[in-house]
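Numbering (our numbering), first residue to last: 1 to 290. Glycine residues also receive a C-beta, built at the ideal position from the N, C-alpha and C atoms. Single-structure report; data block below.
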Amino acid sequence: MINNKWTPPPEPRTLSVKFKRVVAFVADTHIGSRYAIFPPNVLSKEGNNLSAMRNAGQVKLYEYWQKWEEICDAWGADTVILLGDIIQGNNPAGRGVGTITTDLDEQKDAAVTLLSTICKDRIVHCLSGTPYHESIDTRIHYDIAKELGETVAKEWHFHGLLANIKLKGTGRILNLAHGVSGASIYRTTLMDREALFEAAAYGLGDLDFLPDVVVRAHWHRFIHIHLPNQHILQLPCWCAWFPYRGTLKLYGKLQPHIGGVILFIDDHDRITIHHYLFKPPRIADYLKEG
Numbered sequence: 001m002i003n004n005k006w007t008p009p010p011e012p013r014t015l016s017v018k019f020k021r022v023v024a025f026v027a028d029t030h031i032g033s034r035y036a037i038f039p040p041n042v043l044s045k046e047g048n049n050l051s052a053m054r055n056a057g058q059v060k061l062y063e064y065w066q067k068w069e070e071i072c073d074a075w076g077a078d079t080v081i082l083l084g085d086i087i088q089g090n091n092p093a094g095r096g097v098g099t100i101t102t103d104l105d106e107q108k109d110a111a112v113t114l115l116s117t118i119c120k121d122r123i124v125h126c127l128s129g130t131p132y133h134e135s136i137d138t139r140i141h142y143d144i145a146k147e148l149g150e151t152v153a154k155e156w157h158f159h160g161l162l163a164n165i166k167l168k169g170t171g172r173i174l175n176l177a178h179g180v181s182g183a184s185i186y187r188t189t190l191m192d193r194e195a196l197f198e199a200a201a202y203g204l205g206d207l208d209f210l211p212d213v214v215v216r217a218h219w220h221r222f223i224h225i226h227l228p229n230q231h232i233l234q235l236p237c238w239c240a241w242f243p244y245r246g247t248l249k250l251y252g253k254l255q256p257h258i259g260g261v262i263l264f265i266d267d268h269d270r271i272t273i274h275h276y277l278f279k280p281p282r283i284a285d286y287l288k289e290g
C-alpha cells in the first residue's frame with residue numbers, strides 16, 4: 001500500500017493448485033440436425049457421404065469442437081459427462097424436416113464418431129435426453145454409451161433420466177439430469193427455487209444428502225448460480241438457433257450458447273467452474289440482403 005492506494009505486484013502472481021478430479025460436460029449436440037454439429041467423414045452403409053451435407057455453420061461448429069477437445073486435453077480431464085440430446089432424432093412431427101438423416105442408426109454412428117476422441121481413456125457417464133429426441137423402441141443414449149465404453153472409454157456408465165454421483169476421491173456429489181421445467185421469463189429464478197426445494201427436502205430428512213453441484217441441460221444456455229452451499233449449472237449446447245414454434249416466441253432469449261463446461265475439484269475439495277463459449281454461427285437466421 002502506498003498512500004492508501006493498492007499497488008499491484010511487480011510480477012504476475014501465480015497459484016499452484018492440484019486437482020483431484022477434472023470433469024468435462026457435454027450436452028445437446030443434436031447430431032443429425034442441420035443446425036447442429038456433425039463430424040466429417042461419416043458414410044452410410046451404402047457409401048453415401050452424409051458429412052457432405054454439412055453447411056458452413058456446421059463446419060464452424062466442428063472447428064469449435066476441435067478447440068474444445070484441446071481445452072479438455074490441456075486441463076487433463078479425467079471424466080466426460082454426456083447430459084442428453086446427443087442426437088436429433090427423426091423429427092416425427094415435422095416428417096424429418098431439418099435433419100441430415102432420419103436414420104437413427106446413422107445418427108448414432110455419427111455421434112460415436114464425434115465423441116470417440118473426447119471420451120478416449122476417460123470415465124464416461126451418459127444420461128438420457130428429451131423423449132422427443134429418443135426412440136420409443138430403444139434407449140439410444142445407452143447404445144451410444146455402450147459403444148463408447150467398448151471401444152475407447154476407460155469405463156462407462158449409463159444412468160437413464162437422473163443420477164446422483166459421488167465423485168471418487170472427493171466428498172462432492174453431483175445431481176445430474178437433462179430435463180428441467182420451464183420458466184416463463186427468468187430462468188435463474190427457477191434454478192434458485194430448485195436449490196431452495198432441495199435444501200428444504202434435505203432439512204426435512206426427505207433427502208439423505210444435499211448435492212454440491214446440480215447440473216441440467218436442455219435450455220441451450222450457460223447459467224451458473226453459486227450459492228453458499230451449492231452450485232447450480234445450466235449447460236451450453238452445440239446447436240445453432242433453429243426455427244421452431246417455441247424458438248420464435250422470444251428470439252433474443254432463445255439464442256443459444258455454444259460450448260462446454262469443466263468442473264474442477266482441488267485437493268481441498270473446493271469446486272471451481274470454467275465455461276468455454278464460442279460465437280454461435282448463423283444458419284437459419286443469417287442476415288440477408290433484400
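Query, Result
"Span of the alpha helix (DSSP H), counted from its first residue to its last, around V374", "This structure cannot speak to residue 374, because the chain is shown only from 1 to 290."
"Boundaries (first-last residue) of the alpha helix (DSSP H) holding V59", "56-74"
"Cβ contact (3+ pairs, closer than 8 Å) linking the region 78-87 and the region 122-141", "yes"
"One or two residues paired with T99 in a DSSP bridge", "S33"
"Contact under 7 Å by Cβ, A24 with I262", "yes"
"Between the CA atoms of G290 and A77 - distance to the nearest angstrom", "48 Å"
"Stretch pair the region 40-47 + the region 229-248: three plus CB contacts closer than 8 Å", "no"
"Residue burial classification, G16 (beta-carbon count within 10 angstroms, cutoff 16)", "The sequence shown places Ser at residue 16, not Gly. Its Cβ having fewer than 16 others within 10 Å, S16 is exposed."
"Cβ-Cβ distance between I37 and L61 below 7 Å", "yes"
"Whole beta strand (DSSP E) elements within the region 163-204, 3-residue minimum", "173-177"
"Start-to-end residues for the alpha helix (DSSP H) that takes in C119", "104-119"
"C-beta atoms of C72 and I31 nearer than 7 Å", "no"
"Reduced DSSP secondary structure (H/G/I, E/B, other) of L50", "helix"
"T99 versus L114, Q58, Q66, E69, residue with shortest Cα-Cα distance", "Q58"
"Near the ligand ATP: G259 beta-carbon under 6 Å from a heavy atom", "Only the bare structure without any ligand can be found here, which leaves the ligand ATP out of the picture."
"Residues bridged to A240 [DSSP beta-bridge criterion]", "Per DSSP, none; premise fails for A240."
"Spatially closest choice to A309 from G260, R13, P243, by CA coordinates", "Summary: the structure shown does not reach residue 309, with the chain confined to residues 1 through 290, and so no result is reported for it."
"N- and C-terminal bounds of the beta strand (DSSP E) containing T79", "79-82"
"For Y142, the three-state DSSP class (helix, strand or coil)", "helix"
"Residues near P211 in its chain [Cβ-Cβ closer than 6 Å; skip 5 each side]", "I173, N175"
"Test: K20 CB closer than 7 Å to a CB of chain D", "Protein chain content of the structure displayed is limited to a single chain, and chain D is not contained in it."
"Beta-bridge partners of I265, as assigned by DSSP", "R21, I271"
"Nonlocal neighbours in the same chain, by C-beta distance under 6 Å from H321, ignoring five residues either side", "Outside the shown range of the chain, which is 1 to 290, sits residue 321, and nothing can be said about it."
"Spatial neighbours of G179 in its chain, beta-carbon cut-off 6 Å, leaving aside the 5 residues before and after", "H218"
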